[in-house]
Amino acid sequence: MPRCRGRSIRSAPLQRSAHWRLNILPLNSGIESRSIDPTADADWKPMNREVNFITLADGRRLAYAEYGDPRGMPAIYCHGFPGTRLEARLFDAPARRFKVRVIAPDRNGLGLSDPKPGRQLLDWAADVEALADSLGIERFFLIGVSGGGPYATACAYRLAERLNGVTLVCPLGPLDQPALLDAMRWPARINFQSIRNTPLLSQLSFRFAVIPMVQLSPQWIYQIMLGIAPAPDAAVLGRTPVRSAITASIHETVRQGAAGVLQEMDLYTRPWGFDLAEVGVPIQLWHGTADETVPLLHGRTLAAGLADSDLRIVEGEGHFSLPIDHMDQIQQQLIADRLDQRTSA
């Protein structure tokens with residue numbers, strides 16, 4: 438039976454049962470939260486490891502970037518959508534502070550990674566395992582943000598014995614569940630519905646209109662994001678370092694054209710290929726109450742379905758403000774949980 442445990446940062450345990458753990462965090466929870474502005478650190482500069490490749494057994498190349506402390510605890514980062522390895526640039530400074538080595542691969546057909554025709558969600562776990570093997574990493578953390586949530590969950594299902602911990606931040610839930618798709622904003626809802634119901638129309642639209650426009654000016658889609666963002670997200674998206682990182686990642690998403698983008702969207706709408714209750718590792722989930730991009734219903738649904746989950750609901754935070762302004766707190770808790778597991782073992 439799924440187990441999702443609960444306690445509140447503000448006071449005594451809020452809710453506890455045999456299968457549910459829930460945390461409600463206020464905006465000022467007493468745990469330090471630092472805004473991510475890499476340029477605020479005098480010694481900040483990228484590790485200059487944003488373009489790396491491994492060759493997989495089938496001959497495909499998998500691209501990845503590295504951020505944070507190169508000698509730190511390894512964490513494989515599953516980027517959102519639209520997004521690529523460059524998205525993790527936002528978390529370089531927090532990773533250095535907590536001595537975490539962030540390894541961020543591009544998914545198939547996005548950024549610099551070769552496409553994989555006919556791929557399924559679970560196929561990503563094999564690529565992640567090959568990446569860890571090639572880097573000589575036996576055990577690692579997993580971080581999945583937004584559209585990276587399904588992929589991180591698939592890795593948790595397939596690679597449980599190699600994981601030190603898993604955290605999902607504002608994760609996208611299974612869009613084959615109508616309630617989760619209906620809860621999303623209308624632009625995303627229409628795009629995902631059309632990719633399933635009128636695929637030819639979607640292909641024509643993306644190949645000849647959307648993708649060329651993004652290739653020409655990634656700032657176009659960024660301005661749309663900023664224009665419809667709730668106040669917590671708008672404040673974050675207005676920062677120059679955030680704008681730079683996200684527009685670079687969006688532009689990299691469409692480097693290879695429409696095929697990888699369309700494949701990614703299609704996969705989100707399909708069944709994930711495994712039962713959430715069969716994921717064999719504890720999973721932390723973080724979701725903001727002001728998230729209008731991937732509403733809180735997604736986090737609640739995942740937490741309820743997983744075998745062992747810890748859902749932390751952060752009051753007043755949105756889809757971008759939560760991971761960007763709270764990554765220190767998220768990493769701190771992920772590492773602390775691992776230490777607790779080792780102590781109790």
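With the numbering used here applied, the sequence shown corresponds to residues 438 to 782, in that order. Where a beta carbon is used, it is the ideal one built from N, C-alpha and C, also for glycine.
Sub-8 Å separation of residue i and residue j beta-carbons
i: V718; j: L568; result: no
i: A512; j: W561; result: no
i: S758; j: G725; result: yes
i: E701; j: R544; result: yes
i: Q721; j: Q770; result: yes
i: F577; j: I772; result: no
i: T706; j: I632; result: yes
Closest Cα partner of residue i within the set the options
i: R498; options: A696, L547, A525 and M764; result: L547
i: L699; options: E729, W709 and F629; result: F629
i: E805; options: M764, L549, R692 and A741; result: This structure leaves residue 805 out entirely; the chain is present only between 438 and 782.
i: T738; options: F645, Q557 and D712; result: D712
i: G736; options: M510, H516 and G610; result: G610
i: R595; options: L493, F518, L559 and I772; result: L559
i: R626; options: V731, P531, L572 and D551; result: V731
i: L733; options: L743, E754 and V716; result: E754
i: I761; options: R633, A714 and R680; result: R680
i: G742; options: V565, E715 and P624; result: E715
i: Y501; options: G697, W623, S631 and C515; result: C515
i: A668; options: H756, E503 and L641; result: H756
i: A494; options: A563, R556 and W709; result: A563
i: T690; options: I540, P552, M510 and T492; result: P552
i: F645; options: A695, N489 and G710; result: A695
i: R775; options: T521, M510 and G710; result: M510
Under the three-state DSSP convention, the category residue i falls into
i: H756; result: coil
i: S639; result: helix
i: W657; result: helix
i: T690; result: helix
i: G573; result: coil
i: P708; result: coil
i: L579; result: strand
i: A727; result: coil
i: L609; result: coil
i: T677; result: helix
i: A685; result: helix
i: S445; result: Residue confidence is low: S445 scores 32 on pLDDT, short of 50, so the model does not pin down where it sits. Its coordinate-derived value is still stated next. Coil at S445, not helix or strand.
i: E715; result: helix
i: M484; result: Since pLDDT at M484 reaches only 48, below the 50 mark, its modelled position is unreliable, and no value is offered.
i: F518; result: coil
i: G585; result: helix
i: G505; result: strand
i: A500; result: strand
Residue i: first and last residue of the uninterrupted alpha helix (DSSP H) it sits in
i: N634; result: W623 to N634
i: L618; result: P615 to D619
i: L404; result: Residue 404 falls outside the range modelled here, since the chain spans only 438 to 782, and no answer is possible.
i: P531; result: D529 to R534
i: R749; result: Where R749 is concerned, there is no enclosing alpha helix (DSSP H), although the beta strand (DSSP E) it sits in stretches over D745 to V751.
Residue interval of the beta strand (DSSP E) (run including residue i)
i: A512; result: M510 to C515
i: L600; result: L600 to V606
i: P542; result: V537 to P542
i: N545; result: No beta strand (DSSP E) holds N545; DSSP gives it neither H nor E.
### Query
When the Cβ atoms of the region 596-611 are set against those of the region 574-582, are three or more pairs found closer than 8 Å?
yes
### Query
Pairing CB atoms from the region 669-679 with CB atoms from the region 609-629, are three or more of them under 8 Å?
no
### Query
Between the region 737-755 and the region 646-663, do at least 3 Cβ pairs fall closer than 8 Å?
no
### Message
Can you confirm whether the region 686-700 touches the region 519-529 when touching is taken to mean that 3 or more C-beta pairs between the two stretches lie within less than 8 Å?
### Response
yes
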